[in-house]
Amino acid sequence: SELYADQPFNHRLVSICRQCDEIYANLDIMHFRGRASFEFLRNDNLLDIVEGLVGPEITCGPVQHTRAKLPEGLTPSAGDPHIAPWHQDAGAFDKAADPHFVLTVWLPLSAARPENGCLQIIPRSHNEGLQQHWIERGLVTMDVNDERSREEGLTLPMDKGDLLLMHKAMAHRSTLNKIDEVRWSMDLRYQQTGTPSGRPYYPDFAVRSRSNPASLLTDYDQWCQLWIEALEGGKSNKRKAPRWEVVP
21 SELYADQPFN HRLVSICRQC DEIYANLDIM HFRGRASFEF LRNDNLLDIV
71 EGLVGPEITC GPVQHTRAKL PEGLTPSAGD PHIAPWHQDA GAFDKAADPH
121 FVLTVWLPLS AARPENGCLQ IIPRSHNEGL QQHWIERGLV TMDVNDERSR
171 EEGLTLPMDK GDLLLMHKAM AHRSTLNKID EVRWSMDLRY QQTGTPSGRP
221 YYPDFAVRSR SNPASLLTDY DQWCQLWIEA LEGGKSNKRK APRWEVVP
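With the numbering used here as the guide, the letters of the sequence shown map in order to residues 21 to 268.
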């Protein structure tokens, strides 16, 4: 496939996927496993912010993603998992994580605007606790009626360098990308070390510790191996039955 190296960063993947979308599934953190991604998960400036909410003993959870949100109509054959319906991140975790605080860190790698599908949240919805969800097209989904979406939904345009911190029970979604560019973003999860990640079949790792610095995972190759074993070694087959009803 042509690499379109002469095109702007936000458009190159559009052109590549129009030729062949096979590359798309391999862009996420756990599949691509870039060294820069590993180092960013452990970035001191980021962890200084996280520590203010999680405390000094911090684990990076296994729900860690790089999202390349393609334009509407240019979806891979398996469907686009980055057009996210209303949901709570807590709804995507196992029940073991329910009593524990998990922090979502969402950051744009390119400008996020209403026209390219920036996030929308329902402010203070985390106070309502975990709501009923279902699984549709592989996506965890909750019911937010149109009236509430219109009246309470808050659209969050963001720029590179911005950071959004969300409680795991915050209702949020992203909408369609209506322009001919990719909207790039990352979403990461952090929590107090020793609490269940909600995804026990995938690797989490300690990124900051005042009490036991020797427990930190600092070796890039070891991190890669943990993901390889989880994804390719059959550990993911130990996943339990879906927590929510799967609808056609």
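Idealized CB from N, CA, C, for every residue including glycine.
Item to complete: Would you list the one or two residues that DSSP bridges to residue 155?
Response: As a position in the sequence shown, residue 155 is number 135, starting the count at 1. Residue 155 pairs with 160 and 266.
Practice prompt. Taking 8 Å as the threshold, find out whether the region 190-200 comes into contact with the region 79-97 through three or more Cβ pairs.
Written response: Under the three-pair Cβ rule at 8 Å, the region 190-200 counts as touching the region 79-97.
Worksheet item: Alpha carbon to alpha carbon, how far is residue 40 from residue 71?
Response: Taking the sequence shown and counting its residues from 1, the one referred to as residue 40 is at position 20. Taking the sequence shown and counting its residues from 1, the one referred to as residue 71 is at position 51. Roughly 42 Å between the two C-alpha positions.
Fill in: Per DSSP, the bridge partner or partners of residue 180
Along the sequence shown, one-based indexing puts residue 180 at 160. Assignment of beta-bridge partners to residue 180 by DSSP yields no partner.
Worksheet item: Just the Cα atoms here: how many angstroms apart are residue 148 and residue 189?
Response: Locating residue 148 in the sequence shown gives position 128, counting from the first residue. Locating residue 189 in the sequence shown gives position 169, counting from the first residue. Between the alpha carbons of residue 148 and residue 189 lies a gap of roughly 8 Å.
Practice prompt. Measuring alpha carbon to alpha carbon, tell me which of 185, 130, 127 and 160 ends up nearest residue 146.
Written response: What you label residue 146 is simply residue 126 of the sequence shown in a count that begins at 1. Sorting 185, 130, 127 and 160 by C-alpha distance to the C-alpha of residue 146 places 185 at the top.
Worksheet entry | Whole-Å CB distance - residue 250 paired with residue 236, under 8 Å assumed | Here residue 250 corresponds to residue number 230 of the sequence shown, with the count starting at 1. Here residue 236 corresponds to residue number 216 of the sequence shown, with the count starting at 1. At roughly 19 Å, the Cβ-Cβ gap does not stay under 8 Å, so residue 250 and residue 236 are not in contact.
Worksheet item: Taking Cβ to Cβ, would you say residue 68 is nearer than 8 Å to residue 131?
Response: As a first step, residue 68 is located in the sequence shown; it is residue number 48 there, counting from the start. As a first step, residue 131 is located in the sequence shown; it is residue number 111 there, counting from the start. Cβ distance not < 8 Å, so residue 68 and residue 131 don't count as in contact.
Discussion item. Could you check whether the region 158-178 touches the region 227-247, counting it as contact only if at least three pairs of C-beta atoms, one from each stretch, sit closer than 8 Å?
Written reply: When C-beta atoms of the region 158-178 are compared with those of the region 227-247, fewer than three pairs fall below 8 Å, so the two segments do not count as touching.
Worksheet entry | Beta-carbon gap between residue 162 and residue 111 smaller than 8 Å | Counted from its first residue, the sequence shown places residue 162 at position 142. Counted from its first residue, the sequence shown places residue 111 at position 91. With contacts defined as CB atoms closer than 8 Å, residue 162 and residue 111 qualify as a contacting pair.
Worksheet entry | Exposure of residue 78, with buried meaning 16 or more beta-carbon neighbours within 10 Å | Here residue 78 refers to the residue found at position 58 when the sequence shown is read from its first residue. When all chains shown are included, residue 78 counts as buried.
Worksheet entry | Length of the line joining the Cα atoms of residue 119 and residue 212 | Mapped onto the sequence shown, residue 119 falls at position 99. Mapped onto the sequence shown, residue 212 falls at position 192. Answer to the nearest angstrom: the Cα atoms are 12 Å apart.
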